[in-house]
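In this note's numbering, the protein residues as written are 3 to 303.
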Ligand SMILES: [Mn+2]
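Have a look at this one:
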């Protein structure tokens, strides 16, 4: 029997390039996410949402826009996840920005220093306000978890453990090296980060996940999905529209999630960078995403 499941929303686009992702939790609830998870045999508690942050320009902090709101959002996620772990429940976090993964890992690391993170994303998220000019913190999360040079102090120092993450507790899948900055490629090399490509994730999703899980420590596991890993021409869900005719389909990502969520170490799944307005012309893709989550988090194999 699987644990109870707590669902948490992070309605924030503070770290984004524009508004949109703040709507993901409410849209998925309207599509019946909670009932679908219950229909899959889980006892579900909807813990509600953290603070609402709709992206706006932040001219006073051009290279780390809306930093205060980003820190507030990840701390709210950490508190929610800590509460769920305290009641021995698993957690589904609906984001929001990818920085949400830091809040999840803060709560897991507080109870188990050997917590691992499987990070499925088209991007390394290793940028800092020093390495990129665009100022959107949503592709800088892992840099702050790893406390890389140039990280913004309030985010790198947001939690008890600093650095929050270490390379040996991390495996990335779905990476498009061409979408990385030269800084990110250099850091991945220097840190010895383990990662797999978006083409491999598209071709053999279950095998990629199994291989990645084999490298992670024995402690509790968090799985993070940035929906921008998806081929946008199959599943238009992400803020970023760059992944066109490349990367895994939603069917492939579903297979990856299914494999990851079978792992007995799993305690938390976060799904981020979902901009529901991308699906305005193809709303069925949102139902397909809900069905994927329902299947991955079902009670019985
Ligand atoms: Mn990404």
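The beta carbon of each residue, even a glycine, is placed where N, CA and C say it ideally should be. Values in this document were obtained by computation on a predicted structure and should not be read as measured data.
- Boundaries of the alpha helix (DSSP H) around residue 295: 286 to 298.
- The beta carbon of residue 124 sits closer than 7 angstroms to at least one heavy atom of ligand 1.
- Between residue 162 and the set 15, 44, 109, the nearest pair of CA atoms involves 109.
- Using a 10 angstroms sphere on the CB of residue 89, the tally of other CB atoms stays under 16, which defines it as exposed.
- The criterion of a C-beta distance shorter than 8 angstroms is not satisfied by residue 118 and residue 131.
- Remark: the shortest separation between the CB of residue 180 and any heavy atom of ligand 1 does not fall under 7 angstroms.
- Taking a cut-off of 8 angstroms on C-beta distances, the segment 280 to 290 touches the segment 225 to 242, as three or more cross pairs fall below it.
- Separation of residue 296 and residue 208 (C-alpha to C-alpha, rounded to the nearest whole angstrom) is 18 angstroms.
- Relative to the non-hydrogen atoms of ligand 1, the Cβ of residue 88 never comes closer than 7 angstroms to any of them.
- Put simply, the backbone Cα of residue 174 is about 24 angstroms away from that of residue 293.
- Taking residue 281 as the centre and dropping the five residues before and after it, the same chain places the C-beta of 238, 239, 287, 288 closer than 8 angstroms to its C-beta, in chain order.
- The C-alpha of residue 74 lies about 15 angstroms from the C-alpha of residue 18.
- Between residue 198 and residue 214, the CB-CB gap stays under 8 angstroms.
- When secondary structure is reduced to three states using DSSP, residue 274 falls in the strand class.
- With a cut-off of 7 angstroms, the C-beta of residue 263 is classified as distant from ligand 1, since no heavy atom of the ligand falls inside that distance.
- Residue 14 is classed as buried because its beta carbon has at least 16 other beta carbons within 10 Å across all chains shown.
- No Cβ-Cβ contact shorter than 8 angstroms links residue 83 with residue 262.
- Nearest neighbour of residue 258 by Cα position, chosen from 140, 228, 196, 234, turns out to be 228.
- Residue 124 sits in coil when the DSSP states are folded into three classes, being neither helix nor strand.
- Residue 226: member of the beta strand (DSSP E) spanning 223 to 228, first to last residue.
- A direct Cα-to-Cα measurement between residue 123 and residue 212 gives close to 16 angstroms.
- Straight across, the Cα-Cα distance linking residue 272 with residue 60 is about 26 angstroms.
- Annotated as proximal: residue 16 and residue 68, with beta-carbon spacing under 8 angstroms.
- Note: residue 173 is bridge-paired with 120, 196 in the DSSP secondary-structure output.
- In this structure residue 7 touches residue 299 by the C-beta definition: roughly 6 angstroms separates them, less than 8 angstroms.
- Straight across, the Cα-Cα distance linking residue 142 with residue 43 is about 36 angstroms.
- Taking 8 angstroms as the cut-off, the beta carbon of residue 250 is found closer than this to the beta carbon of residue 176.
- In this structure, the straight-line span from the alpha carbon of residue 252 to that of residue 233 is close to 8 angstroms.
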